[in-house]
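Residue numbers (this note's numbering): 2 to 359.
By construction, the Cβ of each residue, glycine as well, lies at the ideal position given by its N, Cα and C atoms.
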């Protein structure tokens, strides 16, 4: 009798295990089917996972502070709701305004071509009046074609980016869920990561991660603060001098400010082109706003906010940005400096350890 009861118990356990396994397989299969059906590639899934990890990393200090009052799960949920609620609310508020300004800016950029064409025609007439046998027609055609090509490229990139965003919506829905569990169960993930690392390497790797954590947090905080202040100051300046679509171009300047050295130049180009098309005299005031904001950032903001966090020679900064930007493109400009600092610290620790052993 005991053996029969044991056998029945084993059957129930096996049946329950089989049912759980079947349910898991079905859920995974349905998920994969949905992913394939909506056309979401593995790259988007990996991108969502990376974005979730970055968001969880940024929310970790707030979650640790709230965990003492609300518990691990509730504090993680509150952090995720605050972050993604703010993002959704900001998009809902800004999207109509930015869409209107993008459409307006696209139309105004086309006037740049007409303005340059008229200017070159006047120059051609002036050259002819002086009796100089030089024609600017070829130059006119090349410049107009170049500008039209750049405008078409900007519009094409904008439309493609919007379409990619629409395609990524099913994956973006998963981001808050992944972010929540990454925050809530961080101890589990850390323990599993430690388990696969050999014991003798755990302390050096832990020291390296701690140093990298300090660098990344310092870099993110300083860059976000500076970008926000520069973007806000640029919007105010553009509004004062009457640049059309000041909110849009201030937002572009704030985003480009994240790119060291070259970002302000990139961010100023669209506003300068639109100001030139709207009123050539306004271009001077637009450039003056950009220069004034950059001087404010270089003289006051950067020294005050960044201090001496990274201790990098300016020539080394330029070299790192040229290399990382040339190899990895846009993201190389953004993440080149913190990655360089982390690698430098890691190599320094390895060198010190080798010297001690020697």
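Spatial neighbours of residue i in its chain, beta-carbon cut-off 6 Å, leaving aside the 5 residues before and after
i: residue 80; result: 60, 63 and 64
i: residue 213; result: 343
i: residue 326; result: 333 and 334
i: residue 83; result: none
i: residue 76; result: 64, 67 and 68
i: residue 179; result: 53
i: residue 92; result: none
i: residue 120; result: none
i: residue 1; result: Because the chain spans 2 through 359 in this model, residue 1 falls outside it and cannot be assessed.
i: residue 280; result: none
DSSP three-state assignment for residue i, whether helix, strand or coil
i: residue 279; result: helix
i: residue 271; result: helix
i: residue 171; result: helix
i: residue 339; result: helix
i: residue 217; result: helix
i: residue 197; result: coil
i: residue 86; result: helix
i: residue 40; result: Note that residue 40 scores a pLDDT of 48, beneath 50, so its modelled location is shaky; the value from the coordinates is reported in the next line. Reduced to three states, the DSSP call for residue 40 is coil.
i: residue 212; result: helix
i: residue 72; result: coil
i: residue 232; result: helix
i: residue 91; result: helix
i: residue 330; result: coil
i: residue 2; result: Model confidence at residue 2 stands at a pLDDT of 49, short of 50, so the residue's coordinates are unreliable and nothing is read from them.
Where the alpha helix (DSSP H) containing residue i begins and where it ends
i: residue 176; result: 175-185
Spatial neighbours of residue i in its chain, beta-carbon cut-off 7 Å, leaving aside the 5 residues before and after
i: residue 297; result: 234
i: residue 341; result: 321
i: residue 78; result: 181
i: residue 54; result: 183
i: residue 272; result: 239, 244, 250 and 287
i: residue 73; result: 185
i: residue 236; result: 247, 248 and 251
i: residue 276; result: 244, 283, 284 and 287
i: residue 206; result: 198
heavy atom of the ligand SAM below 6 Å from residue i C-beta
i: residue 256; result: Ligands displayed in this structure: none; no statement on the ligand SAM is therefore possible.
Contact set for residue i: own chain, Cβ-Cβ below 8 Å, skip 5 residues either direction
i: residue 176; result: 49, 52, 53, 56 and 85
i: residue 232; result: 251, 252, 254, 255, 256 and 258
i: residue 241; result: 290
i: residue 346; result: 209, 212, 213 and 216
i: residue 71; result: 79
i: residue 195; result: 203
i: residue 190; result: 183
Alpha helix (DSSP H) runs contained entirely in the region 234-261, provided each spans 4 or more residues: 247-257
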